[in-house]
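Below is one structure, written out as structure tokens; the observations come after it.
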Amino acid sequence: MISIILSCNVKKMFKALKDIIEGKENALIEYFGMDHYKELLQDNGNNLKGATEWIKRILIHKIDYTEELLEYIANETKDNENVQKRLKAAKII
Numbered sequence: 047m048i049s050i051i052l053s054c055n056v057k058k059m060f061k062a063l064k065d066i067i068e069g070k071e072n073a074l075i076e077y078f079g080m081d082h083y084k085e086l087l088q089d090n091g092n093n094l095k096g097a098t099e100w101i102k103r104i105l106i107h108k109i110d111y112t113e114e115l116l117e118y119i120a121n122e123t124k125d126n127e128n129v130q131k132r133l134k135a136a137k138i139i
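Per my numbering, the sequence shown starts with residue 47, numbered consecutively.
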């Protein structure tokens, strides 16, 4: 179950980051939902560009942390053949 959630979140993060970099108009709304989007804008003084840059930096850090987590899992499970097979199948190692 954790791997499904993790893979969905990673896909969502990459899609959101790609959409933000490409300047897709509704990227933040699609990633956060309308209510959280409005709250994000309020927290950033209705500065859409600033909010977008802030979220872009957060997504990059989240992706980096996810990569570190997967590397840690690969190292900590070297003796677990099933985990190693899954990591190899997912091209993580």
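The beta-carbon is built from N, C-alpha and C at its ideal position, and this holds for glycine as well.
| Asked | Found |
| --- | --- |
| Please determine if the stretch 81 to 94 and the stretch 126 to 135 are in contact, where contact requires at least 3 C-beta pairs separated by less than 8 angstroms. | no |
| Please state the DSSP three-state secondary structure of N72. | coil |
| Can you tell me whether A43 is helix, strand or coil according to DSSP? | The question about residue 43 has no answer here: the residues shown for the chain are numbered 47 through 139. |
| Under the rule that 16 or more other beta-carbon atoms within 10 Å means buried, what is L115, buried or exposed? | exposed |
| Hey, could you find the ends of the alpha helix (DSSP H) G79 is sitting in? | First-last for G79: undefined, no H or E at that position. |
| Mark Y4 as exposed unless 16 or more other C-beta atoms lie within 10 angstroms of its C-beta, in which case mark it buried. | An answer regarding residue 4 cannot be provided, because it is not within the stretch 47 to 139 covered by the chain. |
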